[in-house]
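S.K.:
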Amino acid sequence: YSATNHRSVIRDNLAGVTFTDPVGKDFMFVNRSGVASYRFYSIDSGISGYSYKQIGSYNMTTATVSLSNAYSSTWNSDCSRPDSCAECPLVRDRGLRYVFQKST
-6 YSATNHRSVI
4 RDNLAGVTFT
14 DPVGKDFMFV
24 NRSGVASYRF
34 YSIDSGISGY
44 SYKQIGSYNM
54 TTATVSLSNA
64 YSSTWNSDCS
74 RPDSCAECPL
84 VRDRGLRYVF
94 QKST
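Numbering (the working numbering), first residue to last: -6 to 97.
1. One question on the structure: do F33 and G9 come within less than 8 Å of each other, judged by their Cβ atoms?
2. With H, G and I counted as helix, E and B as strand and the rest as coil, what does DSSP make of N(-2)?
3. So who's on the other strand from T46, going by DSSP bridges?
4. Is it buried or exposed, Y31, if we count other Cβ atoms within 10 angstroms and call 16 or more buried?
5. Taking the alpha-carbon of V2 as reference, which of G42, D19, I36 and T57 has the nearest alpha-carbon?
6. Beta-carbon separation of S35 and K18 under 8 Å?
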């Protein structure tokens, strides 16, 4: 995918996604007062914990996605991956996502 295509894919799919947090409460990207934009981060684990690097943002008012030119996606959509079913359009496009918290 090109950077422009990544922006389009993210923008077009944000409105239809519902997230469920670990306690079962749903949340989603919506256009309402007080919510002007969202920021995207790349989360990397390191020796001393996690580091968060902002890689882009989504502006609700203008419906635009901005991604950092320095960001390079490592997405691999090959169906032979063990977790690829979670990204399959037949599964992915149902609009429901779960957020799992890794236990320590």
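Each residue gets a CB set at the ideal place from its N, CA and C atoms; glycine is no exception.
M.R.: Let me lay it out:
1. For the purposes of this step, residue 33 is taken as the residue at position 40 of the sequence shown. For the purposes of this step, residue 9 is taken as the residue at position 16 of the sequence shown. Going by C-beta atoms, F33 is not nearer than 8 Å to G9.
2. The residue labelled residue -2 in the question sits at position 5 within the sequence shown. Here N(-2) sits in helix by DSSP.
3. Here residue 46 refers to the residue found at position 53 of the sequence shown. According to the sequence as given, residue 46 is Lys; it is not Thr. In DSSP, K46 forms a bridge with S35.
4. Working through the sequence shown from its first residue, we reach residue 31 at position 38. So Y31 ends up on the exposed side.
5. For this step, residue 2 is matched to residue 9 along the sequence shown. V2 has its Cα closest to that of T57, out of G42, D19, I36 and T57.
6. For the purposes of this step, residue 35 is identified with residue 42 of the sequence shown, where counting begins at 1. For the purposes of this step, residue 18 is identified with residue 25 of the sequence shown, where counting begins at 1. Against a cut-off of 8 Å, the Cβ pair of K18 and S35 comes out as no contact.
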